[in-house]
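To convert, note that position 341 of the sequence shown is 414 in the numbering used here; the numbers rise steadily by one, no gaps. Here a beta-carbon is modelled for each residue, glycine too, at the ideal position from N, C-alpha and C. The model shown is predicted, which means the values in this text are computed figures rather than measured ones. Take a look at the structure below.
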Amino acid sequence: MKHLSLQWRITLMSVLLIGVTCISMNLLLCSSGVYYMDTIANTLQGGTVILNEEDMVSFDPQLIAPDEDLTIIVDGAQGRFRTTNWYITVAVTLLSGILAYFVSGRALKPLRSFASQVEQVQMSNLADMKINEDVLPEFRQFSHSFNQMLERLNNAFAAQRQFTGNAAHELRTPLALMQAQLELFSAEHPDVLPETAAFLSLLREQTERLTQMTKTLLEMSSLQQVTRNERIQLAPMVEEIFTDLAPLTDKRGITLTADGDGVMTGSDALIYRLLFNLTENAVKYNRPGGSVRVTVMQEPEKILIWVSDTGCGIPEEYQQSIFQPFFRIDKSRSREYGGTGLGLSLAWEIANLHGGSVWVEKSSEKGTTIAVELPVQ
Numbered sequence: 074m075k076h077l078s079l080q081w082r083i084t085l086m087s088v089l090l091i092g093v094t095c096i097s098m099n100l101l102l103c104s105s106g107v108y109y110m111d112t113i114a115n116t117l118q119g120g121t122v123i124l125n126e127e128d129m130v131s132f133d134p135q136l137i138a139p140d141e142d143l144t145i146i147v148d149g150a151q152g153r154f155r156t157t158n159w160y161i162t163v164a165v166t167l168l169s170g171i172l173a174y175f176v177s178g179r180a181l182k183p184l185r186s187f188a189s190q191v192e193q194v195q196m197s198n199l200a201d202m203k204i205n206e207d208v209l210p211e212f213r214q215f216s217h218s219f220n221q222m223l224e225r226l227n228n229a230f231a232a233q234r235q236f237t238g239n240a241a242h243e244l245r246t247p248l249a250l251m252q253a254q255l256e257l258f259s260a261e262h263p264d265v266l267p268e269t270a271a272f273l274s275l276l277r278e279q280t281e282r283l284t285q286m287t288k289t290l291l292e293m294s295s296l297q298q299v300t301r302n303e304r305i306q307l308a309p310m311v312e313e314i315f316t317d318l319a320p321l322t323d324k325r326g327i328t329l330t331a332d333g334d335g336v337m338t339g340s341d342a343l344i345y346r347l348l349f350n351l352t353e354n355a356v357k358y359n360r361p362g363g364s365v366r367v368t369v370m371q372e373p374e375k376i377l378i379w380v381s382d383t384g385c386g387i388p389e390e391y392q393q394s395i396f397q398p399f400f401r402i403d404k405s406r407s408r409e410y411g412g413t414g415l416g417l418s419l420a421w422e423i424a425n426l427h428g429g430s431v432w433v434e435k436s437s438e439k440g441t442t443i444a445v446e447l448p449v450q
């Protein structure tokens, strides 16, 4: 019973109630009908004519003398009366069940509409997903509570974005100052001890990593303010990304190839960042001498993009987690390649902001394919 939908529960309960009512009425009608039939038979005295289904007797009442008593017993009438009543009970119960199913479906339509709207709720559209509270009284409090919850969530996420943006903004100045001082000290003291040189190199590396993380956090906190009405052609953008990644690919011996094209409407800067992050990630965590392929396919209502590499793959238990901020499968490799754990998270945020999605389509020891789906408009 607990696995049945609410509509089926209402239907079965209605059928049960109507069935019990009909059976009770049937029993009462049968009892009263039989009682009165027996009463009529007992009160009739005199001549008796038995009419039954096997041996029906033709009978003319005018042949009976006026002063002669007559009793007519119709054999099988009580049985037929009971059978007819049971047929009527079954028919009424079934018809009532069918009506209850469709009526309950009509009554539950606002709930289905609510469930459909809840499925569309995303972190980026909380303010636009409020439900109309001018509904049935049973759903009014429900809708009001849901709208209040959306408002609280929206305020919480806004406060989180504001805090992240403010913190990242405040970190920019001291980090820039630290970088400048380190570069200046290294330039003025080229003949320092090897231990000191290694220490300065580590400081510069970590400062650069913090700077990149701060830049990414600022980008993530300001995504909502970026306009998304530019016409974007993806093939030239992919070629530009390949050019920007050329130093890294040459260093690791990675081959980049592209296939297909598409046109969409969105933020040119954000879509570039999305594809750049996915491609850079595929290059960084690829095997030396491997390859990365970016495939774009245009459809009437959407664009599909696949970024495939020949790396060592992503374990299945981590394929959902890699899009979370600061999540890294292998921290040692991330430190080696300067990863901050925000590249894929930013890509997910950008895709979600454009009404699309990004996911790991397949991954094995032979490589990984990450898919992106973006609406054309």
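Span separating the alpha-carbon of residue i from that of residue j
i	j	result
residue 432	residue 266	48 Å
residue 287	residue 427	23 Å
residue 173	residue 85	9 Å
residue 283	residue 350	17 Å
residue 424	residue 376	12 Å
residue 336	residue 445	14 Å
residue 279	residue 290	16 Å
residue 304	residue 338	5 Å
residue 318	residue 235	32 Å
residue 188	residue 248	47 Å
residue 263	residue 325	29 Å
residue 386	residue 443	11 Å
residue 128	residue 99	Its pLDDT being 49, under 50, residue 128 is placed unreliably by the model, and nothing is read from it.
residue 90	residue 217	33 Å
residue 225	residue 242	25 Å
residue 168	residue 205	35 Å
residue 158	residue 166	12 Å
residue 233	residue 429	23 Å
residue 186	residue 203	12 Å
Status (buried if at least 16 other CB within 10 Å, exposed otherwise) for residue i
i	result
residue 302	exposed
residue 437	exposed
residue 228	exposed
residue 171	exposed
residue 272	exposed
residue 119	Note that residue 119 has pLDDT 45, beneath the 50 cutoff, so the model's placement of it is unreliable and the number below is only indicative. Exposed, since its Cβ has fewer than 16 Cβ neighbours within 10 Å.
residue 93	exposed
residue 362	exposed
residue 219	buried
residue 222	exposed
residue 152	exposed
residue 260	exposed
Closest residue to residue i among the options (Cα-Cα distance)
i	options	result
residue 397	386, 421, 185, 268	421
residue 447	358, 239, 369	369
residue 277	268, 255, 260, 310	255
residue 312	326, 98, 365	365
residue 392	434, 310, 203, 378	434
residue 162	329, 178, 95, 177	95
residue 348	156, 104, 380	380
The ligand NAP heavy atom lying under 7 Å from the CB of residue i
i	result
residue 236	Among the ligands in the structure shown, none appear at all, so the ligand NAP cannot be discussed.
Boundaries of the beta strand (DSSP E) in which residue i is found, first to last residue
i	result
residue 303	303-306
residue 434	430-437
residue 440	440-448
residue 329	328-332
residue 296	First-last for residue 296: undefined, no H or E at that position.
residue 378	375-382
residue 364	364-371
Boundaries of the alpha helix (DSSP H) in which residue i is found, first to last residue
i	result
residue 336	Premise fails: residue 336 lies in the beta strand (DSSP E), 336-339, not in any alpha helix (DSSP H).
residue 323	319-325
residue 425	416-426
Integer Cβ distance of residue i from residue j, believed to fall under 8 Å
i	j	result
residue 359	residue 323	The pair is not a contact, with the Cβ atoms about 13 Å apart (cut-off 8 Å).
residue 342	residue 299	7 Å
residue 419	residue 292	6 Å
residue 374	residue 449	6 Å
residue 352	residue 314	5 Å
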